[in-house]
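To start, the structure under review is shown below, and the notes come after it.
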Amino acid sequence: MAKNKSARHHFIPQFYLHGFVDLKNSPYVWVYRKDNGAIIKSSVKDTAVHRHYYSFTTKTGTRDSQTLEKWFSEVEASVAEIYKKILNKKLLNNEERSRFATFLALTLTRVPNYRENMINKPTAQLMKRMQIIMASHKQHFEAHIKKYEKDTGEKISIPIEQLREYLLKGDYDIKVGNPDYSLSFIFSSAQEVAQIFHGMKWVFLETTDNEYFLTSDNPLYYMDPTYKPGSFYGVGLMNKKLEVTFPLSKNLALFATWEGLTGYHRANSSIRKTINWRTIISAQNFVFAPEKSLALSKLVQKYINSSPKIKVS
197 MAKNKSARHH FIPQFYLHGF VDLKNSPYVW VYRKDNGAII KSSVKDTAVH
247 RHYYSFTTKT GTRDSQTLEK WFSEVEASVA EIYKKILNKK LLNNEERSRF
297 ATFLALTLTR VPNYRENMIN KPTAQLMKRM QIIMASHKQH FEAHIKKYEK
347 DTGEKISIPI EQLREYLLKG DYDIKVGNPD YSLSFIFSSA QEVAQIFHGM
397 KWVFLETTDN EYFLTSDNPL YYMDPTYKPG SFYGVGLMNK KLEVTFPLSK
447 NLALFATWEG LTGYHRANSS IRKTINWRTI ISAQNFVFAP EKSLALSKLV
497 QKYINSSPKI KVS
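In our numbering, the protein residues as written are 197 to 509.
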């Protein structure tokens with residue numbers, strides 16, 4: 197029984213989701229699906245959870261479903277007190293700020309959208325591009341295959357030229373099948389991102405229960421409002437005009453910039469709508485809210501496949 201329980205891994209912390217529960221239906225949140233418009237009442241413990249999401253293969257070949265889940269639980273426990281300080285409008289010291297910056301970075305890198313759309317798919321696209329480039333040089337490709345056959349002692353099952361033509365057409369997809377690959381990037385990426393977040397200016401924006409913030413399965417979002425779509429360069433975290441949004445609860449959101457305000461400020465209706473719009477865009481599959489709303493469901497459905505992605509061109 198305990199073994200099965202340990203395999204249920206939350207990629208969004210439960211203590212965080214409690215900040216978005218419907219107080220009339222506690223401990224439930226309303227889950228809005230982007231793909232089919234479904235609105236589901238879901239308990240916090242059953243929201244943003246996948247089986248074996250943090251499981252990995254050990255050197256002995258066994259599947260470890262507990263080590264990383266336990267590590268994340270310890271990180272979340274250490275951050276929970278800092279979280280309470282923020283919600284109670286208390287200033288953070290430098291150590292607390294550093295730990296919270298690490299939490300923010302992990303919030304960005306631990307979710308499925310990051311692992312799938314920022315790691316696995318770009319890697320697969322790059323591998324395919326490299327195969328096509330290699331196949332475009334006939335003599336080099338033939339020499340490469342013959343060397344492979346010599347080194348491994350295995351003959352490929354189809355003629356070399358037929359394989360080359362197949363690769364050149366590009367009518368196939370490559371998938372990164374080993375989950376351990378993207379899992380390793382969660383931590384290496386977060387380490388760099390945490391330092392960047394720590395150096396930014398943080399302002400906490402407040403709103404009321406009647407005008408609440410949303411969250412999602414990919415709640416931390418960054419953008420540069422001056423970025424021109426189609427530009428060769430993407431949006432980097434060091435962009436001078438970068439804006440980072442992260443809903444902390446239904447009544448409080450973090451807004452981080454390089455040149456902006458700090459402290460606590462009241463968010464007007466326009467700012468709240470902008471942050472919620474960004475949260476919806478950032479969501480991969482699900483938006484979470486403290487109430488059921490058909491109007492919100494219609495809005496969410498307008499942004500299918502809008503979550504951040506890296507494309508290899």
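By construction, the Cβ of each residue, glycine as well, lies at the ideal position given by its N, Cα and C atoms.
What alpha helix (DSSP H) runs, 4 residues minimum, are completely inside the region 432-490? Taking only runs of at least 4 residues, the alpha helix (DSSP H) segments lying wholly in the region 432-490 are 465-478.
Backbone CA spacing between K286 and I236 [nearest angstrom]: As a position in the sequence shown, residue 286 is number 90, starting the count at 1. As a position in the sequence shown, residue 236 is number 40, starting the count at 1. K286 and I236: Cα-Cα distance of roughly 35 angstroms.
Could you round the C-beta distance between L300 and F393 to whole angstroms and report it? I think they count as a contact, below 8 angstroms. Taking the sequence shown and counting its residues from 1, one reaches residue 300 at position 104. Taking the sequence shown and counting its residues from 1, one reaches residue 393 at position 197. Under the criterion of beta carbons closer than 8 angstroms, L300 and F393 qualify as touching, at roughly 5 angstroms.
Count the other C-beta atoms from every protein chain shown that fall within 10 angstroms of the C-beta of D413, then say buried if there are 16 or more, exposed otherwise. In the sequence shown, residue 413 corresponds to position 217, counting from 1. Buried.
Using the Cα positions of M197 and R204, report the straight-line distance between them to the nearest angstrom. The residue you call residue 197 lines up with position 1 of the sequence shown. The residue you call residue 204 lines up with position 8 of the sequence shown. Because the pLDDT of M197 is 37, which lies under 50, any placement of that residue in the model is unreliable, and the question is left without a value.
Return yes when the Cβ of T411 is within less than 7 angstroms of the Cβ of F484, no when it is not. Position 288 of the sequence shown holds residue 484. Position 215 of the sequence shown holds residue 411. It is a contact, given that the beta carbons lie within the stated cut-off.
Work out the CA separation of F207 and R474 for me, nearest whole Å. Along the sequence shown, one-based indexing puts residue 474 at 278. Along the sequence shown, one-based indexing puts residue 207 at 11. Distance from the CA of R474 to the CA of F207, rounded to the nearest whole angstrom, comes to 20 angstroms.
Between the C-alpha atoms of S466 and S385, what's the straight-line distance to the nearest angstrom? Along the sequence shown, one-based indexing puts residue 466 at 270. Along the sequence shown, one-based indexing puts residue 385 at 189. As the crow flies, the alpha-carbon of S466 is around 33 angstroms from that of S385.
Check the C-beta distance from P443 over to F409 and give it rounded, since I have them as a contact under 8 angstroms. Taking the first residue of the sequence shown as 1, we reach residue 443 at position 247. Taking the first residue of the sequence shown as 1, we reach residue 409 at position 213. About 4 angstroms separates the beta carbon of P443 from that of F409, a gap short enough to meet the 8 angstroms contact definition.
Out of M326, A390 and F381, which one is the CA nearest neighbour of R510? Because the chain spans 197 through 509 in this model, residue 510 falls outside it and cannot be assessed.
Would you call S167 buried or exposed, if buried means 16 or more other Cβ atoms sit within 10 Å of its Cβ? What the structure shows of the chain is the stretch from 197 to 509, and residue 167 is not part of that stretch, so it cannot be assessed.
Quick one, are the C-beta atoms of H246 and S261 less than 7 angstroms apart? Along the sequence shown, read from residue 1 onward, the residue named residue 246 stands at position 50. Along the sequence shown, read from residue 1 onward, the residue named residue 261 stands at position 65. Their beta carbons are not under 7 angstroms apart, which means H246 does not touch S261 by this criterion.
Checking 7 angstroms against the spacing of the C-beta atoms, do H515 and L363 come in under that value? What the structure shows of the chain is the stretch from 197 to 509, and residue 515 is not part of that stretch, so it cannot be assessed.
DSSP state of D260 mapped onto helix, strand, coil: Within the sequence shown, numbered from 1, the residue matching residue 260 stands at position 64. Reduced to three states, the DSSP call for D260 is strand.
For the region 355-419, which segments carrying the beta strand (DSSP E) assignment without a break, of at least 3 residues, lie completely within its bounds, in sequence order? With a minimum length of 3 residues, the continuous beta strand (DSSP E) runs that stay inside the region 355-419 are 397-402 and 417-419.
8 angstroms contact criterion, which R311 and F482 should meet: CB distance rounded: If you number the sequence shown from 1, residue 311 lands on position 115. If you number the sequence shown from 1, residue 482 lands on position 286. Going by Cβ atoms, the distance from R311 to F482 rounds to 16 angstroms, so no, they are not a contact pair.
Y423 in three-state terms, based on DSSP: Taking the first residue of the sequence shown as 1, we reach residue 423 at position 227. Y423: coil per DSSP, three-state reduction.
I329, enclosing alpha helix (DSSP H) - first and last residue: Looking up residue 329 in the sequence shown gives position 133. Judged by DSSP secondary structure, I329 falls within the alpha helix (DSSP H) whose first and last residues are K317 to A331.
Look up N200 in the DSSP assignment and say whether it is helix, strand or coil. Position 4 of the sequence shown, counted from the start, is the residue given in the question as residue 200. With a pLDDT of only 46 at N200, under 50, the local geometry of the prediction cannot be trusted, and no value is derived from it.
Backbone secondary structure at R306 - three-state DSSP: On the sequence shown, position 110 is the one that residue 306 refers to. In the structure shown, R306 sits in coil (DSSP, three-state: anything other than H, G, I, E or B).
Would you list the one or two residues that DSSP bridges to Y224? Here residue 224 refers to the residue found at position 28 when the sequence shown is read from its first residue. DSSP, once it has assigned bridges, lists S239 as partnering Y224.
Pull up the distance between the alpha-carbon of D367 and that of Y499, whole angstroms please. Indexing the sequence shown from 1 puts residue 367 at position 171. Indexing the sequence shown from 1 puts residue 499 at position 303. If you take the alpha carbons of D367 and Y499, they lie about 28 angstroms apart.
Exposed unless 16 or more other CB atoms sit within 10 angstroms - verdict on R468: Residue mapping note: residue 468 aligns to position 272 of the sequence shown, counting from 1. Burial call: buried.
Per DSSP, which one or two residues make a beta bridge with T254? Reading the sequence shown from its first residue, position 58 is the one you call residue 254. Within the DSSP secondary-structure output, T254 pairs in no beta bridge.
Report the rounded CA-to-CA distance for K317 versus S332, giving the unit in angstroms. Taking the first residue of the sequence shown as 1, we reach residue 317 at position 121. Taking the first residue of the sequence shown as 1, we reach residue 332 at position 136. If you draw a straight line from the Cα of K317 to the Cα of S332, it is about 23 angstroms long.
Are the CB atoms of S502 and I477 nearer to each other than 7 angstroms? Here residue 502 refers to the residue found at position 306 when the sequence shown is read from its first residue. Here residue 477 refers to the residue found at position 281 when the sequence shown is read from its first residue. Their beta carbons are under 7 angstroms apart, which means S502 touches I477 by this criterion.
C-beta contact flag for F451 and V389 at 7 angstroms: Position 255 of the sequence shown, counted from the start, is the residue given in the question as residue 451. Position 193 of the sequence shown, counted from the start, is the residue given in the question as residue 389. The beta carbons of F451 and V389 sit no closer together than 7 angstroms.
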